[in-house]
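When the sequence shown is numbered by my numbering, its final residue is 719 and no position is left out of the sequence of numbers. Here a beta-carbon is modelled for each residue, glycine too, at the ideal position from N, C-alpha and C. Since the structure comes first, as structure tokens, the remarks are kept for the end.
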Amino acid sequence: MINLNSCGVSNELKERRETGYEILYESQISDCTDQKIRILDDEDQWTQYVDSFRNDKLGSVSNIDFDKEFIAVVCAGTRNTGGYEIKSPVISKEKETMMYYFEVEGPGKEDLVTMAITQPMMVVRIPYSSNKVICRWK
């Protein structure tokens, strides 16, 4: 018996390729105590953020062209346990606007989670488009 399987490109990967966004960093530990999305749209803001965050991985990202792209720092705020994550953005074109919707997903009722305070965050590189670009919570 021969079993042939095919593996397609997931919708998330397809969406990343089409829109060009890139997740630069994800963590469960950060200094983000409030749920917010912070936009960094110039080199000085990016440098200040990286310096204050003291993260080697972010410090190695230096090829950001702020004329063509910006950084969204997405913070889920303080959570009482582990098991929370920021999902990859859902992207929607609404009239003349590209919308990037972010969502926090929590653990299930039966999930075993770490009993520690966490502050999930994600740093995303997002290209400007010919349309207006907006990032917000779903």
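For residue i, which residues in the same chain have their Cβ closer than 7 Å to its Cβ, ignoring the five residues on either side in sequence?
i: residue 611; result: 656, 700, 702
i: residue 546; result: There is simply no residue 546 to check, as the chain begins at 582 and stops at 719 in what is shown.
Less than 7 Å separating the beta-carbons of residue i and residue j?
i: residue 683; j: residue 627; result: no
i: residue 647; j: residue 707; result: no
Let me know if residue i comes out buried or exposed under the rule of 16 or more other beta-carbons within 10 Å of its beta-carbon.
i: residue 667; result: buried
i: residue 621; result: buried
i: residue 669; result: buried
Suppose you measure from the CA of residue i to the CA of residue j; what does that come to, to the nearest Å?
i: residue 633; j: residue 689; result: 33 Å
i: residue 680; j: residue 664; result: 26 Å
i: residue 631; j: residue 691; result: 37 Å
i: residue 687; j: residue 645; result: 31 Å
i: residue 697; j: residue 617; result: 21 Å
i: residue 660; j: residue 672; result: 26 Å
i: residue 639; j: residue 675; result: 31 Å
So, at 6 Å on beta carbons, what are the nonlocal neighbours of residue i in its own chain, with the 5 sequence-adjacent residues on each side left out?
i: residue 704; result: 605, 606, 654
i: residue 615; result: 658
i: residue 712; result: 677, 678, 679
Leaving out five residues on either side along the sequence, give the residues of the same chain with a beta carbon under 8 Å from the beta carbon of residue i.
i: residue 649; result: 708, 709
*Counting only runs that start and end within the segment 682-711, where is the beta strand (DSSP E) found for 3 or more residues in a row?*
702-708
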